[in-house]
Amino acid sequence: MWTNWSGGYQGRPSSTVRPLDEAGVRSAVRRAAERGQRVRPVGSGYSFSPLALTDDVALDLSALTGVVRVLGDRVRVRAGTTLGELNSVLAGRDLALAALADVDAPTVAGAIATGTHGSMSGTGSLSAQVTGLRMVEGTGNVVEVSSAELDAARTGLGALGVITEVEFAVLPAFVLRASQARLPLDEALAPDYLDAHRWAEFSVFPYAQDALARWADEVTEQPQPPSAMRSFERRVVRSAAVGGGVALGRTVPRLVPTINRAATRFNGSGSVTDLAHRVLVARPIVRWDESEWALPREALADGVHELLDAISDRGLDVGFPLEVRVGPAESGWLHPAHDRPTGWVAVHTATGTDPEPLVKLTADVLGAHGGRPHWGKRHPWTAAKVAEAYPKLTDFQQVRNRLDPNRLFTNPYLHKLLG
Ligand SMILES: Cc1cc2nc3c(=O)[nH]c(=O)nc-3n(C[C@H](O)[C@H](O)[C@H](O)COP(=O)(O)OP(=O)(O)OC[C@H]3O[C@@H](n4cnc5c(N)ncnc54)[C@H](O)[C@@H]3O)c2cc1C
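Numbers 89 to 507, taken from this note's numbering, label the letters of the sequence shown in order.
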């Protein structure tokens, strides 16, 4: 049985194929086509949505890893390489990805397929850093995707083919000093804060007045990696505030507002200076389910306030903070930040609690502000909403019709979204 990271979705593929190279991917695709089966490429299973779920053939890309080549400011890697492996290889060559998510277990192909992003107002998502990719299409042939069609494939939802290699633009390695402090919510929401740093985000608990702001700027100092003990302490302090609150809140839901206020106070301040990926990636200790929405940047403040009010009006026992991030407009045709600077708002529910009431409320409130859902997270959208929200959907479908005319690469969830 296959399950995603949160445990929210489980599937029983009729077979799981783990190709060792691109030739293996081609034969798996051809064999499935001959048998009339469908294929889902599967990365690390870190999506909270059922994008990778299948009852047919699961194509596990975990053996297709490693760097193909590094040429100047371009690096080409195999699709199943995890972001963590890529970060380490790049650091060894004094290079770095320009965009960093807060997790490094996803594969490069899975991350770009869903538009995985970080918290930099001036730097696009991982999808935006893609300069080329190689893909096995529905016939089993291999295509190099570049030029205009790259904007379809850079956030392709696994609906166009099986990516075997991804090429990224990279930067010289950089050192960040990251800090955190409590801020009044309206200060944290202001451009003065969110746009003033290389990287900036904040979390705010429902029922609390202050936000926990975390920001980072480039410095010329040498990296000062924290000791293993200090790193562990930082993870525990953060998780104790969040995860401990979640566990207690599930036992005694009426305590949730009090726990959230206490967690905000507990998460004090501190700073760390290190290579960017070591500063920004945080390995989680607890598990959750998540929904995240990309709002037009000008709607961010109203969206956050309304969502917090709606949660407290309904008395929902939300034991995780809302997470707020920003990013620039993206060129990817199906990227949720397509064509507009974006404010991202994420909500979380503890594994084992029904996520749907919060997912629906968030979709209602943030959808009304022009929000588009993150593809790798939970949401209730269907094809009609997608068509309304994405002006380049028809162009995407044309590329899809050419690369996968028989819809080999689909599942019920993709069918619901794209037809
Ligand atoms: C703890 C945690 C933290 C996270 N943090 C962030 C964050 O900071 N920012 C953010 O934006 N998201 C974040 N996410 C969401 C997640 O990282 C993404 O949704 C990402 O897609 C997961 O990559 P994966 O390798 O696990 O892909 P999977 O979940 O396995 O698959 C996702 C999609 O990619 C497709 N796919 C996988 N491999 C290929 C391939 N070779 N060719 C074609 N399609 C392929 C699949 O078919 C599927 O459609 C987080 C998730 C978790 C669990």
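No residue lacks a Cβ here, since even glycine has one placed at the ideal position from N, Cα and C.
For residue i, report the span of its beta strand (DSSP E) as first-last.
i	result
Glu380	376-384
Thr470	Run containing Thr470: none; DSSP gives neither H nor E here.
Phe290	287-292
Thr498	Careful: Thr498 lies outside any beta strand (DSSP E) and carries neither H nor E.
Please confirm whether any heavy atom of ligand 1 lies closer than 6 Å to the CB of residue i.
i	result
Gly112	no
Val412	no
Thr227	no
Gly420	no
Leu139	yes
Ala199	yes
Ile373	no
Thr202	yes
Tyr134	yes
Leu149	yes
Thr439	no
Pro443	no
Arg128	yes
Gly464	yes
His436	no
Ala146	no
Trp381	no
Pro409	no
Trp93	yes
Gly172	no
Asp239	no
Glu194	Residue identity differs from the one stated: residue 194 is Pro in this sequence, not Glu. Answer for Pro194: yes, Cβ within range of ligand 1.
Asp509	One cannot answer for residue 509 here, as it falls past the ends of the chain, which runs 89 to 507.
Gly99	no
Ile399	no
Val250	yes
Gly131	yes
Gly220	no
His423	no
His467	no
His426	no
Gly210	no
Leu503	In the sequence as presented, Leu is not what sits at residue 503; that position holds His. Checking the Cβ of His503 against ligand 1 gives no.
His365	no
Gly246	yes
Since residue i is in the alpha helix (DSSP H), which residue starts that stretch and which ends it?
i	result
Arg466	Note, Arg466: premise wrong, no alpha helix (DSSP H); not H, not E.
Ala299	Where Ala299 is concerned, there is no enclosing alpha helix (DSSP H), although the beta strand (DSSP E) it sits in stretches over 298-307.
Thr104	Note, Thr104: premise wrong, no alpha helix (DSSP H); beta strand (DSSP E) at 103-105.
Asp492	Looking at the DSSP string, Asp492 is not in any alpha helix (DSSP H), and its letter there is neither H nor E.
Ala451	444-455
Please determine whether the Cβ atom of residue i lies at a distance below 6 Å from any heavy atom of ligand 2.
i	result
Ala167	Ligands in the displayed structure: ligand 1; ligand 2 is not one of them.
Exercise for review: Mind the definition here: the segment 147-162 touches the segment 95-112 only if three or more C-beta pairs lie below 8 Å; say whether that holds.
Suggested key: yes
Practice item. Taking only runs that begin and end inside the segment 121-159, name each unbroken beta strand (DSSP E) of 3 or more residues, in chain order. Key: 127-130, 145-148, 155-159
Check your understanding: What are the complete alpha helix (DSSP H) segments, minimum 4 residues, inside the segment 157-215?
Key -> 171-180, 196-201
Check your understanding: Are the segment 495-506 and the segment 471-480 in contact at 8 Å, needing three or more beta carbon pairs?
Key -> yes
Exercise for review: Output the residue ranges of the beta strand (DSSP E) runs that lie fully inside the segment 362-438 and measure 3 residues or longer, sorted by chain position.
Suggested key: 376-384, 410-415, 430-438
Review point. Which whole runs of the alpha helix (DSSP H) in the segment 202-282 are 4 residues long or more, in chain order?
Key: 238-241, 273-277, 279-282
Review point. Does the pairing of the segment 435-453 with the segment 364-382 give three or more beta-carbon distances under 8 Å?
Key: yes
Exercise for review: Count the CB pairs spanning the segment 236-253 and the segment 420-432 that are closer than 8 Å, and state whether there are at least three.
Suggested key: yes
Review point. If you pair each beta-carbon of the segment 242-251 with each one of the segment 183-201, do three or more pairs fall below 8 Å?
Key: yes
Review point. Is it a yes or a no for the segment 394-408 touching the segment 357-367, going by three-plus beta-carbon pairs under 8 Å?
Key: no
**Study point:** Sufficient close CB pairs (3 or more, under 8 Å) joining the segment 398-415 to the segment 290-310
**Key:** yes
Check your understanding: Per the contact definition of three or more C-beta pairs closer than 8 Å, is the segment 406-415 in contact with the segment 225-233?
Key -> no
**Study point:** the segment 269-284 / the segment 130-140 touching (three or more Cβ pairs under 8 Å)
**Key:** no
Check your understanding: Touching or not, the segment 187-197 and the segment 208-217, by the rule of three or more beta carbon pairs under 8 Å?
Key -> yes
Review point. Is it true that the segment 111-129 meets the segment 484-502, where meeting means three or more beta-carbon pairs spaced less than 8 Å apart?
Key: yes
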